[in-house]
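Just below is one structure, and these are the notes that go with it.
Residue numbers (this note's numbering): 1 to 379.
Listed below in structure tokens is the structure:
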């Protein structure tokens with residue numbers, strides 16, 4: 001068995017291990033408190049930044065030049081008005097763009113829940129909440145419009161969040177199941193236009209699967225057939241460059257060593273930190289401790305990538321207040337400091353893809369062949 005195959009098996013094991021625990025917590029999210037994306041059928045909509053010149057870093061790098069150190073922030077709970085209104089000014093202050101993965105059913109207020117039928121499930125059933133009140137949905141539409149106007153990206157976290165145990169779960173869906181889910185996603189976006197949604201469905205080019213689950217040999221061709229260009233659900237050992245699968249870019253979620261936890265590995269996502277540190281128990285008094293551990297891990301991984309393979313650093317998070325807001329605080333602090341550093345660009349997935357298209361593939365392969373960035377104990 002070759003090295004790549006061994007890691008694929010290990011990555012699958014890591015993803016499955018977090019599935020059950022992720023379902024328990026993420027399944028409770030809703031826009032009124034904290035939440036989780038969207039898609040729609042093509043129609044004329046306002047596309048952000050059409051009259052803005054490309055940033056200076058959006059160019060082909062010169063011979064011997066290193067790529068920018070990209071940081072790709074993404075939020076699987078992008079339905080919280082509170083967190084949108086906190087993150088948008090923070091990002092603007094450090095010239096950062098990020099990606100919000102919103103569940104399509106957050107565009108349905110609670111009275112409309114029967115309009116959704118997940119693949120193999122009854123109408124109105126989901127493992128997460130719906131959009132809350134009509135006022136909640138209206139606020140969300142305004143947040144999404146504001147986000148794309150400022151250059152952020154909306155991606156998909158699909159709809160019902162059916163993880164392992166909520167069968168038929170996304171891990172068992174075939175192409176028909178994924179297409180059914182995305183078709184409904186398009187429909188919910190179309191319906192939200194009546195509420196003033198201005199997000200162009202053609203700009204929704206990828207997302208993240210619930211609980212990082214799915215048969216990716218099925219999902220990736222399905223995304224490609226829908227003209228979607230990226231996914232960010234699979235797991236890698238350390239931080240590596242995106243690769244293409246069936247013509248779709250996979251931005252791997254890195255499994256990294258955590259200095260504050262005796263260098264045990266976890267996926268670079270808030271819930272995974274939380275579960276590793278105290279089995280996801282609500283302990284607000286420990287928030288400063290947990291914030292420090294997560295922030296130190298982000299900073300150490302950033303430096304390893306910056307000094308090494310310069311792979312885009314994917315930071316997965318949710319709009320949440322878990323355990324005293326410890327992990328949201330860590331992300332806010334990291335964005336506020338790292339995005340202002342030299343040779344560092346905090347960008348959306350699509351922006352990174354557009355940058356990669358400008359590069360000589362052989363040059364990118366040189367960096368792709370370098371060892372994955374990893375947090376290592378002191379020598």
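Glycine included, each C-beta is placed from N, C-alpha and C at the ideal position.
All of these numbers come straight from a predicted model, not from anything done at the bench.
Taking 9 angstroms as the cut-off, the beta carbon of residue 261 is found no closer than this to the beta carbon of residue 236. Around the C-beta of residue 158, 16 or more other C-beta atoms lie within 10 Å, and the residue is accordingly described as buried.
Around residue 146, the same chain offers 88 as residues with beta carbons nearer than 7 angstroms, after the five sequence neighbours per side are excluded. Around the C-beta of residue 288, fewer than 16 other C-beta atoms lie within 10 Å, and the residue is accordingly described as exposed. DSSP places residue 317 inside the beta strand (DSSP E), whose first and last residues are 313-317. Per DSSP, the unbroken alpha helix (DSSP H) holding residue 291 starts and ends at 287-307.
DSSP places residue 197 in no beta strand (DSSP E); its state is neither H nor E.
In this structure, DSSP gives residue 230 an extended state, which the three-state scheme calls strand. The beta carbons of residue 347 and residue 294 sit no closer together than 9 angstroms. Restricting attention to alpha helix (DSSP H) runs no shorter than 4 residues, the segment 111-167 encloses them at 134-149, ordered along the chain. Straight-line spacing of the CA atoms in residue 344 and residue 307 works out to 12 angstroms. Just so you know, the alpha carbons of residue 167 and residue 211 end up roughly 14 angstroms apart. Taking every protein chain shown into account, the CB of residue 77 has 16 or more other CB atoms within 10 angstroms, so this residue is buried. In terms of Cα proximity to residue 113, the closest of 221, 224, 124 is 124. The beta-carbon distance between residue 206 and residue 230, rounded to whole angstroms, is 4 angstroms. This is short enough to meet the 8 angstroms contact definition.
Judged by DSSP in its simplified three-state form, residue 275 adopts helix. Under the three-state reduction of DSSP, residue 252 is assigned to coil, being neither helix nor strand.
In the displayed model, residue 64 falls within coil according to three-state DSSP, outside both helix and strand. Within the model, the alpha-carbon separation for residue 107 versus residue 300 is close to 38 angstroms.
Per DSSP, residue 59 lies in no beta strand (DSSP E) and is assigned neither H nor E. Straight-line spacing of the CA atoms in residue 153 and residue 201 works out to 11 angstroms. Scanning its chain for C-beta atoms nearer than 7 angstroms, with the 5 sequence neighbours on each side dropped, one finds around residue 305 the residues 69, 239, 311, 313, 373, in chain order. By DSSP's assignment, residue 265 forms a beta bridge with 257. In this structure residue 282 is in contact with residue 323, their Cβ atoms being roughly 5 angstroms apart against a cut-off of 8 angstroms. The shortest C-alpha to C-alpha distance from residue 376 to any of 368, 337, 366, 303 is the one to 303. Comparing alpha carbon positions, the residue from 339, 228, 367, 133 closest to residue 105 is 133. DSSP places residue 69 inside the beta strand (DSSP E), whose first and last residues are 69-75. Its Cα nearest to that of residue 246, the residue 227 stands out among 316, 333, 227. Residue 365 and residue 60 have their C-alpha atoms some 14 angstroms from each other.
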